[in-house]
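Some notes on the structure that comes next.
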Amino acid sequence: MESTINLFPHFQPIVSVANGKIIGYEALARQLDANNKIVSAGSLFSSPNLDEKQRTELDRQVRWQALQKFAELDSNTYLAINISAAWINNLRHLNALPTLKMLEELNIDRQRIIIEITEDHADLNKLKEIVKRYRKQGLRVALDDFGAGSSQLQRVMAIHPDIIKIDMRLFKQATKGGIASEVVHLMTRLGKRTGCQIICEGVETDEEFLFGLSCGAQFMQGYLFSPAQAEFKPPQLYEQHIISLRNKFLKNTVAKLQVKVAAINTTKDLIYRLSQVLQGDFNLNELTSWNFAQSNVIRFYLCDNQGNQLSPDFSFLENRWFTDPRKIGFNWSWRPYFFQLLALEAAGDSHRIVTSERYRDFGSDFLCKTLSLRLDPDRILLVDIVANE
Numbered sequence: 001m002e003s004t005i006n007l008f009p010h011f012q013p014i015v016s017v018a019n020g021k022i023i024g025y026e027a028l029a030r031q032l033d034a035n036n037k038i039v040s041a042g043s044l045f046s047s048p049n050l051d052e053k054q055r056t057e058l059d060r061q062v063r064w065q066a067l068q069k070f071a072e073l074d075s076n077t078y079l080a081i082n083i084s085a086a087w088i089n090n091l092r093h094l095n096a097l098p099t100l101k102m103l104e105e106l107n108i109d110r111q112r113i114i115i116e117i118t119e120d121h122a123d124l125n126k127l128k129e130i131v132k133r134y135r136k137q138g139l140r141v142a143l144d145d146f147g148a149g150s151s152q153l154q155r156v157m158a159i160h161p162d163i164i165k166i167d168m169r170l171f172k173q174a175t176k177g178g179i180a181s182e183v184v185h186l187m188t189r190l191g192k193r194t195g196c197q198i199i200c201e202g203v204e205t206d207e208e209f210l211f212g213l214s215c216g217a218q219f220m221q222g223y224l225f226s227p228a229q230a231e232f233k234p235p236q237l238y239e240q241h242i243i244s245l246r247n248k249f250l251k252n253t254v255a256k257l258q259v260k261v262a263a264i265n266t267t268k269d270l271i272y273r274l275s276q277v278l279q280g281d282f283n284l285n286e287l288t289s290w291n292f293a294q295s296n297v298i299r300f301y302l303c304d305n306q307g308n309q310l311s312p313d314f315s316f317l318e319n320r321w322f323t324d325p326r327k328i329g330f331n332w333s334w335r336p337y338f339f340q341l342l343a344l345e346a347a348g349d350s351h352r353i354v355t356s357e358r359y360r361d362f363g364s365d366f367l368c369k370t371l372s373l374r375l376d377p378d379r380i381l382l383v384d385i386v387a388n389e
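Be aware that the sequence shown starts at 1, since it is given in the UniProt record's numbering, and climbs by one per residue.
Structure representation (structure tokens):
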């Protein structure tokens with residue numbers, strides 16, 4: 001059966017957001033179908049008609065062809081090669097890494113090769129040892145389809161990848177907003193914190209590219225630029241397109257931020273005014289005539305210097321104010337917006353409004369931020385506002 005299967009590599013470009021150039025390729029296995037059409041060979045590697053030995057041989061054959069072709073490319077681009085976690089599990093001798101032997105035989109600079117670990121069903125100890133060996137030989141390591149499996153975070157902690165590729169299905173879902181968008185932004189933040197570069201895979205439209213930029217991805221890959229093809233391309237082929245997209249992103253983002261800044265300044269002016277009124281006795285009903293409906297304010301409350309809530313929640317809903325005493329006595333000293341305010345005061349900055357990160361409010365289900373401001377020597381004003389996307 002092996003003799004009837006003819007696999008060959010195609011190469012999909014990966015572009016850099018920063019310089020607009022093709023900086024690498026992913027090698028992907030292809031085959032001809034019954035109609036002589038080029039199709040993905042991905043399903044072949046999970047076919048029950050092939051045993052593990054046959055799959056391994058086919059994988060090595062197409063990898064060898066990909067490296068042969070790549071060896072002819074005279075540029076600074078890199079090549080990403082997929083290595084199945086299942087193959088890692090079946091490896092009997094950790095020293096027997098055929099990719100390293102191929103690189104040596106073809107005299108390819110190992111720093112130009114990235115090993116992409118696919119799937120998430122791998123023995124972590126064996127995976128760590130193999131990654132350690134690859135790195136010792138100068139290769140970089142990427143985690144493919146990050147976000148698709150249940151043990152992805154374990155793999156990040158185990159192997160500290162150089163590159164994380166966001167799962168294509170998750171990425172496309174995230175472009176529509178909602179919790180998937182929050183998850184992808186969280187993943188890219190994880191990448192930044194751990195020193196991983198981020199690739200968004202499956203980018204097919206300008207809008208998806210712009211979303212990838214908003215996530216902070218350094219690299220993009222997808223049909224927006226090119227499917228996987230037999231030949232390599234000039235590095236600067238998509239440079240003008242990417243410059244145009246970057247300019248569009250900058251223009252759109254600045255316009256959105258201008259609106260946000262104006263809204264925030266309006267809200268802050270209202271909070272400073274509120275802090276003046278709260279210096280003495282105040283009538284909650286008097287606040288109804290203020291412009292709170294345009295301010296995104298949900299509620300405000302007062303705490304002491306230890307973070308203990310002194311007042312009820314004063315909540316604004318449908319142009320009316322309500323009091324809710326249930327959180328009196330709750331302690332918020334462990335929240336960043338509280339201890340950051342105290343730290344700024346200790347450093348001599350005592351008049352600033354401190355703003356929290358966005359979070360989902362349990363009571364209202366709104367996406368919110370909390371603003372904190374020194375009211376007097378004994379009290380701190382905290383204000384919850386709706387945080388627009």
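Where is the CB? At the ideal position from N, CA and C, for every residue including glycine. Remember, it's a predicted structure, so these values are computed and weren't measured experimentally.
Where residue i sits in the DSSP three-state scheme
i: isoleucine 5; result: coil
i: glutamate 72; result: coil
i: proline 13; result: strand
i: tyrosine 238; result: coil
i: glutamate 116; result: strand
i: leucine 143; result: strand
i: glutamine 276; result: helix
i: phenylalanine 330; result: coil
i: threonine 355; result: strand
Inter-residue spacing [alpha-carbon to alpha-carbon] between residue i and residue j
i: lysine 176; j: glutamate 357; result: 22 Å
i: valine 156; j: leucine 127; result: 11 Å
i: isoleucine 5; j: serine 47; result: 13 Å
i: glutamine 236; j: threonine 188; result: 26 Å
i: histidine 185; j: glycine 191; result: 10 Å
i: proline 161; j: leucine 302; result: 45 Å
i: glycine 147; j: aspartate 33; result: 31 Å
i: phenylalanine 209; j: glutamate 239; result: 14 Å
i: serine 3; j: isoleucine 38; result: Low confidence applies here, because serine 3 scores a pLDDT of 47, under 50, leaving its location unreliable; read the following figure in that light. Each residue's Cα considered, the two are about 18 Å apart.
i: alanine 262; j: glycine 138; result: 50 Å
i: isoleucine 130; j: aspartate 123; result: 11 Å
i: residue 442; j: glutamate 207; result: In this structure the chain extends from 1 to 389, so residue 442 is not present and cannot be described.
i: isoleucine 271; j: histidine 351; result: 12 Å
i: isoleucine 298; j: cysteine 200; result: 36 Å
i: alanine 346; j: glutamine 340; result: 10 Å
i: phenylalanine 362; j: asparagine 296; result: 17 Å
Own chain residues within Cβ distance below 6 Å of residue i, not counting five before or after
i: leucine 67; result: Met102, Leu106
i: histidine 10; result: Leu28, Arg30, Ala228, Gln229, Ala230
i: methionine 1; result: In this prediction, methionine 1 has a pLDDT of 41, which is less than 50 and means its spatial position is unreliable; what the coordinates show is noted afterwards. Excluding positions up to five away in sequence, the list is empty.
i: alanine 71; result: Leu106, Ile108
i: arginine 112; result: Tyr78
i: isoleucine 242; result: Gly20
Cross-strand partners of residue i (DSSP beta bridge)
i: leucine 28; result: His10
i: methionine 220; result: Val15, Cys200
i: valine 259; result: Per DSSP, none; premise fails for valine 259.
i: tryptophan 321; result: Phe316
i: phenylalanine 292; result: BP columns for phenylalanine 292 are empty, so no partner.
i: valine 386; result: Cys368
i: valine 297; result: Ile385
i: alanine 230; result: According to DSSP, alanine 230 bridges with nothing at all.
i: isoleucine 166; result: Phe146, Cys200
Same chain, Cβ closer than 8 Å to residue i, five either side skipped, listed in chain order
i: aspartate 59; result: Ala29, Phe45, Ser84, Trp87
i: glycine 284; result: According to the sequence shown, residue 284 is leucine rather than glycine. Phe314, Trp321, Thr323.
i: phenylalanine 330; result: Asn308, Gln309
i: lysine 268; result: Ile353, Leu371
Closest Cα partner of residue i within the set the options
i: residue 390; options: Ile22, Gln65, Ile14; result: The question about residue 390 has no answer here: the residues shown for the chain are numbered 1 through 389.
i: tryptophan 332; options: Glu345, Leu381, Leu190; result: Leu381
i: valine 15; options: Arg110, Ser226, Glu345, Gln137; result: Ser226
i: arginine 379; options: Tyr359, Cys196, Leu278; result: Leu278
i: leucine 153; options: Gln137, Glu57, Phe171, Val183; result: Val183
i: isoleucine 22; options: Ile179, Leu170, Gln221; result: Gln221
i: serine 75; options: Gly24, Asp349, Gly348; result: Gly24
Chain-order list of residues whose beta-carbon lies under 7 Å from that of residue i (same chain, five-residue window excluded)
i: valine 287; result: Looking at the sequence shown, residue 287 is not valine but leucine. Hits under 7 Å: Trp321.
i: valine 203; result: Phe209, Gly212, Met220, Gln221, Gly222, Leu224
Residue i: CB within 7 Å of a non-hydrogen atom of the ligand FAD
i: threonine 266; result: Summarising the ligand content, the structure contains no ligands, and the ligand FAD is consequently not present.
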